[in-house]
Structures are given as C-alpha cells and as structure tokens.
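K.L.:
Residue numbers (the numbering used here), protein chains in the order written: chain A, 1178 to 1603; chain B, 49 to 414. Beta carbons: idealized from backbone N, C-alpha and C, even for Gly.
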Amino acid sequence: MTMKRRHFGETAKPESEGLMRGRCVVHIDIDAFFAAVEELLNPALKGKPVIVGGLPHERGVAATCNYEARRYGIHAGMPLRQAYQLCPNGLFIRGNYQVYQAFSEKFFRILYEYTPDVEAASLDEAYLELTRCRPLYASFSEAARRVKGRVEKELGLKVSVGVGPNKILAKLATKRAKPAGFFEVEPGREEDFLRDLGIECLPGIGPKAQVILRMLNIHKIGDLWGMPRSALRSLFGLGGEEVYLQSRGIDSRPVFTRIVPKSVSRETTFLEDIWDRRLLLAHLAYLCDRLTLGLREEHLFAHVIEVKARYSDFKTEVRRCLLLTPLQEMTAIYRVAEDLFLKLFSTSRLSLRLVGVRASDLVRARPLSLFEPYSDREERLAVAVDRVREKYGFGSLLTVRERMLDAIYEFEPRRGFVLKTASLTR
Amino acid sequence: MKFSVIKETILDELQLMQGIIEKRNTMPILANILVSASQERVELTGTDLEVGLKTQFEAMVEEGGSITVSGKKIFEIVKSLPDGQVINFKENEDLMMEISSGKSEFRVLCLPKEDFPVVPEAGFQKKIILPLDKIKDMIDRVYYAIAQEQRYYLSGALMIIKKNALELVSTDGHRLSYTSAFIEGLNPDEEIRVIVAKKTLAEIRKMSDDKMEFDFDENNLFFKVNNRMLISRIIESKFPNFEAVMPKDNPHVLLVEKESFSQAIRRVALLATERSKGVKLTIEKNQIKLYSSNPEIGEARDNLEVEYKGPEVEMGFNSQYLLDFLLSASAEKVRLELKDNNSAAVMRPELEGDIKYTYILMPMKI
C-alpha cells in the first residue's frame, strides 16, 4: 500500500455499520443541462452535437454542449467561433435561459421533497445532506437512487448522482458516475476510490498546479499521499492545505441550505450593438425587473446598486451608488439604475454591446428612515405584481418601457423576453 | 528659530496634534505642523483644513522664527527621548530642523512656513463660556449616532446655544440622539445653531479643564481650553428637521432594567446577521421576548421581565443601535416608548439627571 494508515486516521472514519452511522451527502448534477433541455424540447436534435450559447457567427461562448459535441473537443466556456471550427456540423442554439430556470426550479422542488438540507451549487447541480433524514429511509443509497429516478422521470433529463460521507467524496463520485450514472463511495472504500483518480479531479488543483505536480511525477491522487503537508503548503500556500485534505477525502464543509448571496446580478449582451438610448433603458428596466424578482424571492435588500456597460470597443465601465436605506422594489431600483446609467452613457458616443445591473451589500432586514415618511406603496405594488405573475406568468405584466423590447426579442407571455443566454460557467 | 523645552511640556501638545494632522497623503504640508517661536513662547499649529489646533507653551526662546515639520516624526522623536530631559530645537539655513537632547541628534527635513495654510483667529468677544465636563458628557451621548460613513450622511452634530441651555443633536438617518442641559449664565444675542464636525467633538473629548470658551465667525467655530484652541470649519449642510421627527404621542411605555436588557440583547445579537444586526422584540404584558436568526448560523431567543401593561407589539431593531443607547445612558432603568412597528421608538433614562437625554430609533423590517 502506498499510503500509510495514519494518514487516513485523520478522517472521521465511518463506523463498521456503514454510512448510516456517519454523514451522508449526495451530489446530483444534470448532464449537459442546457443542451439536454433543448433535446427534450426538440427530439430531432438527439444524437447530434448540440452547442448552446449562440449561433456560430455570434460573439460569446458555449454555455454548455451535449456529449456528442464534447467528442469534438468542445467544452463549456469555449468561444463559439472556435467551437464552430472544431465542429462545423454542430447545431448551435442561442438558448432560453428562462426555460432552463423553470426546469431548474422543478429540479430543486423535487430535491426538497427528500431533505430540507439542499445546497444549490448552480442551476443544475446540488448537494443533499441526508444525514438528518436517516429514519426516513431504509438506506441512504436507496434514497439517493430514488431521487435520481424521480428527477429523471419527472424532468425527462439524465442526471448523475454521487454518494459519499462528505461533499468532496460525493462530488468525485458524481464525476465517476457521469454520464447518467450512480456511484457510491462505500464506507471503508474511500482509499481505493481515491487512489487511481487523476489529480485534475480535485477542485483545489487548477491547471498550473497540475503542471507543477506532473513535473514531480504526481499524476494520481494516490501519488499525493506521499507528499508531506508542509511540502504542499510551501508549493501552493493555503491552497496546499486544502489539497492535502481533499486528497485524503477529508471535508468538513457543511451542506449550506441557504446562503445569503454576496450579490445578485443580471446582464445581457445584445444581438447587435445598440446606440438608441431608449432601447438601452428598456433593457435596463427589464434586467432590473428580473433582478428584483430574485431579490424578493430571497427576501433580500440591497445597499449597493451597480450598473455596467460594455462599449462596442469592449471597454467596460461600472458606476455604483450606495444607499442609506437598502432597496428591493423594481420601481425604486430602476430609478437608481437609470440615474447611474445616464451618467455613464452620456459621457460616451459609442454604442453598447452589453448592459448589466448588480445589487450587492445584501441584507435581510430593511432599516426604516427617520426623515423619509414611511410608505409601503412600492412594497404593496411589488406584492401585487408578483401575485399576477405567479398566476399568469412573468410576461403578463410588464412596463411600457420594457415592452419596447418587442422590437428585438421574441416574447413569451409566460416567460417574458428571450434574452441572450448567460453562460453557466460565468 | 531656536528654543529649548522640557520633554513633557511639548509632548502633550504634540500628542494632541496627532488627531488633527492629515494622515492620508493628499497634501504633504497638512501632515506638517507649524512651529513658531517668539518671546518665551512657542506656538504649534496643525490643520487638515477642516479642523485645526493651535496650542502654546512656555519655552526658552533664543531666537524667534517659524518653520513646518512632519507632525508625526517630531512626535515620535520627542517621545523616544528620555523623560525629564531638555530638548533643543533649531532651524538651520537649509530648511532643516535640528532636534538634540543629551547625546541624541536628529535633522529633519522641513517645508517653508509660507506653504502652511492660514488658520483663522478669533477674538472671543462673545464671552460664551461652557462647562467642559458637562459638554464632554453630552458629546458621549451623541457621538456614536453621528453617521460613520461620510458618503452617506453629514458627519457632525448640531449644537444649539440658547438662553441658559445647550443642546446637542446627532443622527445618521435611522436614529437620532438628543441631549440638553441647563447652563446658567448662557445668554447669546440670538439662538446659535451650528453643525460641529465629528472630528472636532472627538478632540474636545480629549481636553480637560473646568471650562471652555466658544466663539464663531461666518465660516469657523472656535473652542478654547486653556492654552489650546480648536478651529473647526462649519459644516454647511442643513441639519435635518429633527424637532419634526421627535415622536410626541407614543402611547405604549415600558420600563426595563438597563443592565439585564443590554446583556440579553448582546446574547441574542450573537446570532443576528452581521450586516443588519437585526433582533426582533416582542413586547407583551410584563415581558420582552428577543429573537434573532441568521440563515447561515442559527437562531437565538431570550426573555426578560419588564414593567409593561400595553398591547402586544412586535418590532425589529438594529441591536447595535439599542446597545449604543444603553451603554451611554447612566440610569438603572430605561423607558421605551412605542407606537407601532413602522414608527420611531423613543428611549430615555428613567430618571434624568441634569443632562436630558432622548434617543429616537427607527425600527427595522425583519
């Protein structure tokens, strides 16, 4: 054995009865999410390379692609033009973020039926902590298989599921399970599981670290076990500490059920550069509308509003405003955003290729102002608008300014406008 | 310029200068202090253009003159020299100041005195004399409610001088602190209302004597304590109309023991969210329930006996804002006067001393 027992002594060793005694974390990930949704909506795409993110001549990157496209070497985050060169026969789709979001919401609703401890890692990826729900299930692995079955049946999408005693092992198990598989790191088998995995599997090891480690003839996770903690620390600093623990399958991070996000933002790259101020403001209003919906769902108020503009020459400018009283409502946030945008835009004669709005310094409570009379008018308006939209869809109630986007985008009464898809890889 | 002085005499004055001089490196001359010697006296002047300090002390002056030198360096040098020793200061021809004491010698680069901004003078003709200790107590009660962030709000407190009374008011937009005191003999020609910079208030707190003389002109306020004079540029902003927001008819009054209230708040606040620090108070017959929760950590509850007979009221507050008042109120019990969960609450000490103290606090939607 290349590894000495005492190294593993540092883990919370699962008891002999199996995982039931320790933690159980399930990692679940929808395979090629955006592309899979597109295939589902248009079965003619099946079996062909599908790239979601934009058309080949358009700017931007691939948000995701299916397994057929991956065979050509395409991956998420790759510029569309390059993807096209690799695979000219590929089917390029702009995508519809709001449709994906609807799928994602359904995905999470199913997960919450199995445990309240769900951490959203992204739209299509989550950690479930089943530990507290032990009495509900015959075994954890059976519960995890049931989740997988439910999601696949109800969404019609393939998912990969990994089960382990903590987040890192569950995530690595999912990697092993892909595509569409199920893998459980069984108690006591952690070493065997980790030993032959490539070092690139560890989230703490980026491309640079890989190069360094390969020079040291370290290719597999098992090879890392021979490296002393101090050596990893001196090579990679604090990240080395992380690698040391990860390589031994040690991870005490809890599954965070609800994290207060650092910021919420919405942005879009236009199909063509825009110069018309009114049209730009229409975009800004629509983004504010989507943004504030996100804030209200999370019950958050923003102390800082930021507007971003990218000009046709790729120069990006950002303006921000600090608010004494944090805001949540669309009407109020749009007023601030418009003000910022006009200050920013009036200084330039170039047209814009992107506009975005971001809310940060988020709090869950709103302190009332002593000198501005208290009014819940805008709050009540927002509640009423939400109620209408819940019943008739987001597009059922938009401002006149927002409806100016009719000239550019497809409009769906339920979902609103179909803006350019944001990349999952950010 | 050439003079000698005992370390302790100049050290105290240099120490005070550290709070005045500019620390950011915007204009080098503002990090300097002006040292002027004439006829057995030395005067030091420092300013950041908003707040200035002039201070004098007696010294053996051999040669008059003035020069500016880094306020930080001269302080550090003087501080490092042995106690009780005579220190000699001398300006030499190539714009250097020589500082020597015993066998230690320093030569420090200076800037010409002509570059130093003019710091205004006052005649103190108005004869407005204020009791310093009382003023300091009053500053303690308003200081914390001055906005932290200058970007958000005006950074100063309103001072009102009227017949036989002095008032200080501060606010950051979410709360307001008001103090007033009876001061016999105050008799200005007309009521004086000026905004005093936070930094000036901090400097007044450091002074000690029994009285302080006050004067002002169009642009500046002057506070004189003994040999020291603070000069503070008047903050031009309009102070919010605080009288209009002081609640007059908050019907529900509760009395609570100050110490146990602040301890309970401190405990519950441990699990409040870091940024908003919100705690929820549910006030029922003869008790307050405290609650806080942070989705990332957990939740906390506490319970306290109080004197209260009104209806149930549930309100959220910034826990730090509650504690700020409780820490500065010198009474065993405090009154909390409430209306509803959208209206300002009033807090005051149950028994008021010769300084009246009222704290207005807006609730928080949690």
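For residue 1546/A and chain B, any beta-carbon pair shorter than 8 Å?
P.N.:
In the first sequence, residue 1546/A corresponds to position 369, counting from 1. Yes, residue 1546/A counts as interfacial toward chain B.
K.L.:
Contact criterion: CB-CB distance below 8 Å. Does residue 80/B meet it with respect to chain A?
P.N.:
Here residue 80/B refers to the residue found at position 32 when the second sequence is read from its first residue. By this cut-off, residue 80/B is not an interface position.
K.L.:
Among 1575/A, 1238/A, 1392/A and 1520/A, which residue has its Cα nearest to the Cα of residue 1269/A?
P.N.:
Counting from one through the first sequence, the residue named residue 1269/A turns up at place 92. It is 1238/A.
K.L.:
Out of curiosity, what's the CA-to-CA distance linking residue 1339/A and residue 1538/A?
P.N.:
If you number the first sequence from 1, residue 1339/A lands on position 162. If you number the first sequence from 1, residue 1538/A lands on position 361. Their Cα atoms are separated by approximately 35 Å.
K.L.:
Quick check: what's the CA-CA separation for residue 1261/A versus residue 1233/A?
P.N.:
As a first step, residue 1261/A is located in the first sequence; it is residue number 84 there, counting from the start. As a first step, residue 1233/A is located in the first sequence; it is residue number 56 there, counting from the start. One C-alpha to the other measures close to 6 Å.
K.L.:
Bridge partners of residue 335/B, per DSSP?
P.N.:
As a first step, residue 335/B is located in the second sequence; it is residue number 287 there, counting from the start. DSSP output for residue 335/B lists 332/B and 353/B as bridge partner(s).
K.L.:
Just mark residue 1389/A as buried or exposed, buried being the case when its beta carbon has 16 or more other beta carbons within 10 Å.
P.N.:
Stepping through the first sequence from its first residue, residue 1389/A is reached at position 212. It counts as exposed.
K.L.:
Name the DSSP bridge partner or partners of residue 365/B?
P.N.:
Reading the second sequence from its first residue, position 317 is the one you call residue 365/B. The partner list for residue 365/B (beta bridge, DSSP) reads 327/B.
K.L.:
Going along chain B, which residues have a C-beta under 7 Å from residue 1542/A?
P.N.:
Numbered from its first residue, the first sequence carries residue 1542/A at position 365. Within 7 Å Cβ-Cβ: 324, 326, 364, 412, 413 and 414.
K.L.:
In terms of residue numbering, what span does the beta strand (DSSP E) encompassing residue 1507/A cover?
P.N.:
Position 330 of the first sequence holds residue 1507/A. Looking at the DSSP string, residue 1507/A is not in any beta strand (DSSP E); the run it does join, the alpha helix (DSSP H), is 1507 to 1522.
K.L.:
Where does the unbroken alpha helix (DSSP H) through residue 1384/A begin, and where does it stop?
P.N.:
Position 207 of the first sequence, counting from 1, holds the residue named residue 1384/A. 1384 to 1392 is the extent of the alpha helix (DSSP H) around residue 1384/A.
K.L.:
Residue 1477/A touches chain B at which residues, Cβ-Cβ below 8 Å?
P.N.:
In the first sequence, the residue the question calls residue 1477/A occupies position 300. Neighbours of residue 1477/A on chain B: none; closest Cβ ~10 Å, over 8 Å.
K.L.:
Could you check whether residue 1446/A and residue 1535/A sit closer than 8 Å to each other, using their CB atoms as the reference points?
P.N.:
Indexing the first sequence from 1 puts residue 1535/A at position 358. Indexing the first sequence from 1 puts residue 1446/A at position 269. Against a cut-off of 8 Å, the Cβ pair of residue 1446/A and residue 1535/A comes out as no contact.
K.L.:
Out of curiosity, what's the CA-to-CA distance linking residue 362/B and residue 171/B?
P.N.:
Within the second sequence, the letter at position 314 stands for residue 362/B. Within the second sequence, the letter at position 123 stands for residue 171/B. The straight-line gap from Cα to Cα measures roughly 55 Å.
K.L.:
Is the separation between the beta-carbon of residue 180/B and that of residue 258/B shorter than 8 Å?
P.N.:
Position 132 of the second sequence holds residue 180/B. Position 210 of the second sequence holds residue 258/B. For residue 180/B and residue 258/B, yes; Cβs fall inside 8 Å.
K.L.:
For chain A, check one thing: does any of its Cβ atoms lie closer than 8 Å to the Cβ of residue 222/B?
P.N.:
Counted from its first residue, the second sequence places residue 222/B at position 174. For residue 222/B, the answer is yes, since a Cβ of chain A falls inside 8 Å of its Cβ.
K.L.:
If you reduce the DSSP assignment to three classes, tell me which class residue 1459/A lands in.
P.N.:
Walking along the first sequence from the start, residue 1459/A turns up at place 282. Reduced to three states, the DSSP call for residue 1459/A is helix.
K.L.:
Just checking: is the beta-carbon of residue 67/B within a distance shorter than 8 Å of some beta-carbon in chain A?
P.N.:
Position 19 of the second sequence holds residue 67/B. Closer than 8 Å: no.
K.L.:
Looking at residue 204/B and residue 246/B, is the spacing between their C-beta atoms short of 8 Å?
P.N.:
Taking the second sequence and counting its residues from 1, the one referred to as residue 246/B is at position 198. Taking the second sequence and counting its residues from 1, the one referred to as residue 204/B is at position 156. Yes, the Cβ-Cβ distance between residue 246/B and residue 204/B is below 8 Å.
K.L.:
Give, in chain order, every unbroken run of the beta strand (DSSP E) that is at least 3 residues long and sits entirely within the stretch 214 to 278 of chain B.
P.N.:
The qualifying runs are 223 to 230, 240 to 245, 259 to 264 and 268 to 273.
K.L.:
Out of 1472/A, 1218/A, 1550/A and 1287/A, state which residue places its alpha-carbon closest to the alpha-carbon of residue 292/B.
P.N.:
Numbered from 1 along the second sequence, position 244 holds the residue referred to as residue 292/B. Looking at the Cα atoms, 1550/A is the closest of the given residues.
K.L.:
Would you kindly work out how many angstroms separate the C-alpha atoms of residue 1211/A and residue 222/B, rounded to a whole number?
P.N.:
Here residue 1211/A is taken as the residue at index 34 of the first sequence, counted from 1. Here residue 222/B is taken as the residue at index 174 of the second sequence, counted from 1. C-alpha separation (whole angstroms): 46 Å.
K.L.:
To which residues of the same chain is residue 1294/A closer than 6 Å at the C-beta, ignoring the five residues directly before and after it?
P.N.:
One-based indexing of the first sequence puts residue 1294/A at position 117. Excluding positions up to five away in sequence, the list reads 1306, 1432 and 1434.
K.L.:
For residue 194/B, collect the residues of the same chain with a Cβ closer than 7 Å to its Cβ; drop the 5 residues on either side in sequence, then sort them by chain order.
P.N.:
Position 146 of the second sequence, counted from the first residue, corresponds to residue 194/B. The residues are 203, 204, 205, 218, 220 and 246.
K.L.:
So, at 8 Å on beta carbons, what are the nonlocal neighbours of residue 116/B in its own chain, with the 5 sequence-adjacent residues on each side left out?
P.N.:
Counting from 1 along the second sequence, the entry for residue 116/B is found at position 68. Result list for residue 116/B: 77, 80, 81, 82, 83, 158, 159, 160, 161, 163 and 164, in chain order.
K.L.:
So the beta strand (DSSP E) residue 1359/A belongs to, where does it begin and stop?
P.N.:
Stepping through the first sequence from its first residue, residue 1359/A is reached at position 182. Here the beta strand (DSSP E) through residue 1359/A covers 1359 to 1361.
K.L.:
Under 8 Å between C-beta atoms, does residue 1472/A make it to chain B?
P.N.:
Taking the first sequence and counting its residues from 1, one reaches residue 1472/A at position 295. Residue 1472/A does not count as touching chain B.
K.L.:
Out of 156/B, 225/B, 340/B and 95/B, state which residue places its alpha-carbon closest to the alpha-carbon of residue 167/B.
P.N.:
Position 119 of the second sequence, counting from 1, holds the residue named residue 167/B. Comparing Cα-Cα distances from residue 167/B to each of 156/B, 225/B, 340/B and 95/B, the minimum goes to 95/B.
K.L.:
So, using beta-carbon positions, are residue 1542/A and residue 413/B closer together than 8 Å?
P.N.:
Within the first sequence, numbered from 1, the residue matching residue 1542/A stands at position 365. Within the second sequence, numbered from 1, the residue matching residue 413/B stands at position 365. A contact, by the Cβ cut-off of 8 Å.
K.L.:
Going straight from the alpha carbon of residue 211/B to that of residue 58/B, what length do you get?
P.N.:
Working through the second sequence from its first residue, we reach residue 211/B at position 163. Working through the second sequence from its first residue, we reach residue 58/B at position 10. Going from the Cα of residue 211/B to the Cα of residue 58/B covers about 38 Å.
K.L.:
Could you please give the first and the last residue of the uninterrupted alpha helix (DSSP H) stretch that includes residue 1558/A?
P.N.:
Locating residue 1558/A in the first sequence gives position 381, where the first residue counts as 1. Per DSSP, residue 1558/A belongs to the alpha helix (DSSP H) from 1554 to 1569.
K.L.:
State the Cα-Cα distance for the pair residue 273/B and residue 90/B, rounded to the nearest angstrom.
P.N.:
Residue numbering aside, residue 273/B sits at position 225 when the second sequence is read from its first letter. Residue numbering aside, residue 90/B sits at position 42 when the second sequence is read from its first letter. Roughly 17 Å between the two C-alpha positions.
K.L.:
When burial is assigned at 16 or more other CB atoms within 10 Å of the CB, is residue 375/B buried or exposed?
P.N.:
Taking the first residue of the second sequence as 1, we reach residue 375/B at position 327. So residue 375/B counts as exposed.
K.L.:
Is residue 1285/A close to chain B, meaning its C-beta is less than 8 Å from at least one C-beta of that chain?
P.N.:
For the purposes of this step, residue 1285/A is identified with residue 108 of the first sequence, where counting begins at 1. Taking Cβ atoms only, chain B never reaches closer than 8 Å to residue 1285/A, which makes this a no.
K.L.:
Which residues in the same chain have their Cβ closer than 6 Å to the Cβ of residue 339/B, if we skip the five residues on either side of it in sequence?
P.N.:
Along the second sequence, one-based indexing puts residue 339/B at 291. So the qualifying residues of the chain are 328 and 349.
K.L.:
Closer than 8 Å between beta carbons: that is the criterion. Which residues of the stretch 1485 to 1507 of chain A meet it against chain B?
P.N.:
Result list: 1499, 1501 and 1502.
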